[in-house]
Structures are given as C-alpha cells and as structure tokens.
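**Student:** Taken in sequence, the protein lines are chains X and Y.
Those letters in the first sequence? Residues 1 to 218, per my numbering, in order.
Those letters in the second sequence? Residues 1001 to 1218, per my numbering, in order.
There are 2 protein chains.
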Amino acid sequence: MALSAKKEGFVHLLDSAAMITSNNRKGLGPGRPVATTHGEIEQAAFRLFAERGFDGTTMAAVAQAVGVGRRTLFRYYESKNDIPWGQFDRTLDNFRTILDEMPEELPLHQAVHRAVLRFNEFPPDAQPPHRERMTLILRTPTLQAHSVLRYGDWRAVIAEYVARRQGLRPDDVMPQMVGHVSLALALTAYERWLEQPAASLQDLLDECMRQLRDYLTD
Amino acid sequence: MALSAKKEGFVHLLDSAAMITSNNRKGLGPGRPVATTHGEIEQAAFRLFAERGFDGTTMAAVAQAVGVGRRTLFRYYESKNDIPWGQFDRTLDNFRTILDEMPEELPLHQAVHRAVLRFNEFPPDAQPPHRERMTLILRTPTLQAHSVLRYGDWRAVIAEYVARRQGLRPDDVMPQMVGHVSLALALTAYERWLEQPAASLQDLLDECMRQLRDYLTD
DNA sequence: TAGAGTAATGGCACTCAGCGCCAAAAAGGA
DNA sequence: TCCTTTTTGGCGCTGAGTGCCATTACTCTA
C-alpha cells in the first residue's frame, strides 16, 4: 500500500485500442478487485529500466514502484522479459486482421509486404515511446534473446496467411520461409530505424525489400 | 572425484578439427592441471539432456556426472545455455575462411549461398549427433531464445564479408540485410531438415533459395 | 629434495527469477 | 451478517549465475 503510481496515463503503444478492454473487471462481479493494471506496471517498469537499466532492475523494485506484491507482478507478466513486449498477442490479432483485409488480387509478396508496412504504422505522437520500447528490446541482450519467442508468433501469423493463400500447410517450406524472410527484413529495418530517428519505418522497410531484390538479381 | 566419465570419445560436431587444439595445457606449464575438457562436459551434458530434458537437467547434475565442481563448470561455459553450442566461435573462424576462399568472380549472392552450403557440410557419420544437437537447440524454447546471440555472431561474419566486397560498412543496410536473410533461409532449411531425416541440408538450402526467388518474382 | 611460483579447482555464500501453496483481503449477494 | 468468489501477497523453495578465497597440484629452481 505504499505510494502507488498514478492510474493510466501510459497507453500501450503496440496496443492502444485494445488496452481499454483489458482489465475490465475493475470492480465488476464478485471477488476482490484487481490491485493494478498492465499499463500501470509498464509505466513504472519503463521508468526504472531507463534509470537503472533492464538487468539492473529487479522485479522486487518494480513491485515496490507499482505498490503491489512481487508475487502479484508474476500474475500479470509471466516473466520480467515479458514486460517490455506488453500484450503482444493482442497486437498479433490486429496483424491477422490487416493481412486478411489485403485484396486477393494483390500478388502474395506485395500483400505480405504491404501488411507489414501497415502493421508498423503509428500516429506521430506514439513514435517516441515506441522507439524507446524497441530500443530496449533490440539493444538489451537478455531481451533480444527472449524476443525470439515473440518473433515466432509473428512469423506464424504470416505463415498461416501464406499457407491459406497458397493452399499449403503453415509448416510447409514456402510459408515458413516467407515468415522468416519477412522477419529478417523487418528486423533490418528496425535496427536502422533506431539509429536514424529521421527516417520513417515504412521507407526503411521499402528500402530493405528493394535491396533484397537487387541482391538476388545478379 | 566421483565416477568420472571416460575421456574423449565425443568429438565436437561443429568443431571437429579445432577440438584437438583446445585445452592443450593438460599438464604443460606451471599450475594445477585442468580437471576436465569441453568435450567431456558436453558428452555428459548431452546424455543427461537426452534422459531428463534440458530444463530438467541442473548444472549440479552435470557437474556430478563429469566429476567436477559446479563452480568449475561455469568456468568452461558461461551458462547452461552455452553448452549445446559448444565452442561455436571456433566454427565461425572456419566460416570466415570459407567465405574468404570464395572466388571474387562469383556474384555476391552466389558466393554467400555457396559458403553457407559449404559451412553446413558434414561427414556422414557426423550427421546423427549434429542432428541431435540441432534438435535440442531448435526445439527447446530456452535454447531457441539464447541462440539469437549466436546467430548474431554468425550474421556478423556474413555482414563483414558482404561489406568488404561491396565497399560498405558492416552495419550498412545491405550487409545487415543479407546477414538476416541468409539466416532466415538457413533456419527454414534446418527446421525442415529435422523433420525429414532423408533430405540433405544442401538440397533444403537450395530449395529455400529457389522458393524465395519464386516468391519475389510475381 | 625442499621450497617457490603458478594456475586451476571447488566450496561457500549471496542475489535474483520464478513458482507452488495458502491464508487473508475485499468485493457482491442473500 | 454470513457466504461465495476472486485477487492478493507473503512464505519458502529451486536453480542459475557470481564474487571471494583457501586449497590443490602441477613445474621450475636452488
């Protein structure tokens, strides 16, 4: 019951709309009400990560900052590594929708590429915090490692789409390959994006795709 | 001093030749002689991993199996996750050599592709244990995650080669992209290889490359 | 052959992530 | 007020990883 952080105020970047629906039983129905929210935890955690670094921040410290028990923290996030990713699974639902909305007439590679572009569009004011989040994820070795699991989910979404359009199974070579390569391009673009605050993610993604074509065609 | 495992007998698959030179001061020079070798540790560890699973095997158990102190184990391998990778850095030296030996006349993408093929060639008798090792690495979530760091080193080798041939810096978009995409293809091929014991790694790598071309050309 | 020097060993104690267990807290409803 | 429901959070454990340091087991030299 220590001094708790302010409620809300930090909208989950990867998840702006979905945030509202999450944690919706703040008092409805029977049972003890929740003591915190994902947003609140992330707000406190990101502040500490910025101050002491990711590895230098203990879960106990985050718990104290949020004003909640350490044990409770582990009910909101499976692990410390999961905090920076927020509720990525919701974001993936969005990605699925984007892919499904791509016109069937569009050649497969264009459909996938455009969907990836679309998926990485953010309103201007959401960019700085998103960059902060991605810097943490892409530059912290511990998180780099853990992120593979998230990337795997992301790839699976693409593989499923490709498989459906091609009449294949998601675990066939072609869908898997497209998932892997799409991720490769996205990661290349993101790493560049962190170093060049000026460039847009979309332009960088386009450039990576162009470079890949150049590379492959003699 | 418990019952220690037999010396040698398990040649590091990713590292057959280099193995001999490692741990060469088994009594030379002053100071206490080493109590074990990387090979010995891996042999014991892989046996336990097979029996109880990776997560079900504690470092204490490995230490006991080797007949060495737990503390000593951490001097041979930075972490439990590093054991399955063996001395991958030596293997990377080999990869560098392979790339450097590629004829300059060869188009860049062919040079890289052939080098990757070459890098993944193993004598027939080395295949079963190599498959076992890769199964462990690619199918154990904990290891999947940790492997990114190794992949990063692998990508760096490619990026350096591409940068040199193109007169660019290794951290430019093009070299980075080639590194990422090459890894993407390799991982796709490896995953397939684990499921299809019959197919050769080379054929699968070729097929992945072919699929990528098909995918990109309308 | 008795040190002297050297380098690896391994025990101890510590931090921290993560998890199972369970009593207590805090709501709503009868 | 009591019962039901659900979350909380404290306690205690396992296991990875690390710093510290005395001990061990060699080689070399006088």
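Ideal Cβ placement from N, Cα and C applies to all residues, glycine included.
(1) Quick one: residues in its chain with C-beta nearer than 8 Å to the C-beta of Q211 of chain X, no 5 flanking neighbours on either side, listed in chain order?
(2) Tell whether a beta-carbon distance below 8 Å holds between R133 of chain X and P84 of chain X.
(3) Interface residues of chain X around T1188 of chain Y at Cβ under 7 Å?
(4) To the nearest angstrom, how far is the alpha carbon of L1048 of chain Y from that of E1101 of chain Y?
(5) Roughly how many whole angstroms lie between the Cα atoms of A1065 of chain Y and R1139 of chain Y?
(6) CA-CA distance, Y1215 of chain Y and L1099 of chain Y?
(7) Consider the Cβ of E8 of chain X: report whether some Cβ of chain Y lies at a distance smaller than 8 Å.
(8) Is there a Cβ from chain Y that is less than 8 Å from the Cβ of Q229 of chain X?
(9) Using the beta-carbon count (16 or more within 10 Å), is S147 of chain X buried or exposed?
(10) Flag this pair as yes or no: are the beta carbons of S1182 of chain Y and V1112 of chain Y separated by less than 8 Å?
(11) Using only alpha-carbon positions, find the residue among X:Q176, X:I137 and X:Q43 that is nearest to D55 of chain X.
(12) How many whole angstroms separate the CB atoms of P1175 of chain Y and L1185 of chain Y, which I take to be in contact at a CB cut-off of 8 Å?
(13) Along the region 133-154 of chain X, what residues have a CB closer than 8 Å to any CB found in chain Y?
(14) Could you name the residues of the same chain whose beta carbon sits closer than 6 Å to that of P1170 of chain Y, not counting the 5 residues immediately before and after it, in chain order?
(15) Spatial neighbours of D172 of chain X within its chain, please: C-beta separation below 7 Å, excluding the five flanking residues on both sides.
(16) When you check each C-beta in the region 1089-1103 of chain Y against every C-beta of chain X, which residues fall closer than 9 Å?
(17) What is the DSSP secondary structure of E1207 of chain Y, counted as helix, strand or coil?
(18) Buried or exposed for T91 of chain X, please, with buried defined as at least 16 other CB atoms from any protein chain shown within 10 angstroms of its CB.
(19) Quick one: grab the DSSP three-state call for Q1127 of chain Y.
(20) By the criterion of Cβ-Cβ separation under 7 Å, what are the contact partners of D206 of chain X in chain Y?
(21) Anything in chain Y within Cβ reach of A184 of chain X, meaning under 8 Å, just list it in chain order.
(22) Comparing the C-beta of L216 of chain X with each C-beta of chain Y, is any distance below 8 Å?
(23) Run down chain Y in chain order and give the residues with a C-beta less than 8 Å from the C-beta of L194 of chain X.
(24) How would you call E1191 of chain Y, buried or exposed, if buried means at least 16 neighbouring beta carbons within 10 angstroms?
(25) List, in chain order, every chain X residue whose beta-carbon is nearer than 9 Å to that of R1169 of chain Y.
(26) From H130 of chain X to E121 of chain X, what does the alpha carbon distance come to, in whole angstroms?
(27) Can you tell me the Cα-Cα spacing of R213 of chain X and P141 of chain X, whole angstroms?
(28) Can you check whether the C-beta of P1197 of chain Y is within less than 8 Å of a C-beta belonging to chain X?
(29) Closest Cβ-Cβ distance between E1191 of chain Y and chain X: below 8 Å?
(30) Under 8 Å between the Cβ atoms of V1157 of chain Y and R1096 of chain Y?
**Tutor:** Here's the rundown:
(1) Result list for Q211 of chain X: empty, nothing under 8 Å.
(2) Yes. Within cutoff.
(3) By Cβ distance, chain X contributes V173, Q176, M177 and H180.
(4) When rounded, the distance between both Cα atoms is 39 Å.
(5) A1065 of chain Y and R1139 of chain Y: Cα-Cα distance of roughly 24 Å.
(6) In a straight line, the C-alpha of Y1215 of chain Y is about 27 Å away from that of L1099 of chain Y.
(7) At E8 of chain X, the pLDDT of 33 sits below 50, so the modelled position is not reliable and the matter cannot be decided from this model.
(8) No information on residue 229 of chain X is available, as it lies outside the stretch 1 to 218 that chain X covers here.
(9) Only buried fits S147 of chain X, as 16 or more other CB atoms lie within 10 angstroms of its CB.
(10) Result yes, Cβ atoms of S1182 of chain Y and V1112 of chain Y sit closer than 8 Å.
(11) Checked all of X:Q176, X:I137 and X:Q43; the closest Cα to D55 of chain X is X:I137.
(12) Not confirmed; about 16 Å, so no contact.
(13) P141, Q144, A145, H146, S147, V148, L149 and G152: these are the residues of the region 133-154 of chain X whose beta carbon lies less than 8 Å from some beta carbon of chain Y, given in chain order.
(14) Only A1159, E1160 and A1163 meet the Cβ criterion.
(15) Closer than 7 Å at Cβ, skipping near neighbours: A163.
(16) Here the close residues number zero.
(17) E1207 of chain Y sits in a helix when the DSSP states are folded into three classes.
(18) For T91 of chain X, the number of other beta carbons within 10 angstroms of its own is at least 16, and it is reported as buried.
(19) If DSSP states are grouped into helix, strand and coil, Q1127 of chain Y belongs with the helices.
(20) Ordered by position in chain Y, no residue passes the 7 Å Cβ test against D206 of chain X, which lies about 11 Å from the chain.
(21) When 8 Å is used as the limit between beta carbons, A184 of chain X is near these residues of chain Y: M1177, H1180, V1181, L1183 and A1184, in chain order.
(22) Interface with chain Y (8 Å Cβ-Cβ cutoff): L216 of chain X is included.
(23) In chain order: nothing, as chain Y lies at least about 12 Å away.
(24) By the C-beta density criterion, E1191 of chain Y is buried, having at least 16 other C-beta atoms within 10 angstroms.
(25) Residues of chain X whose Cβ lies closer than 9 Å to the Cβ of R1169 of chain Y do not exist, since the nearest Cβ in that chain is about 12 Å away.
(26) Pairing H130 of chain X with E121 of chain X, the inter-Cα distance amounts to about 11 Å.
(27) C-alpha separation (whole angstroms): 30 Å.
(28) No, no contact with chain X.
(29) It does: the Cβ of E1191 of chain Y has a partner Cβ on chain X nearer than 8 Å.
(30) Contact flag set, yes.
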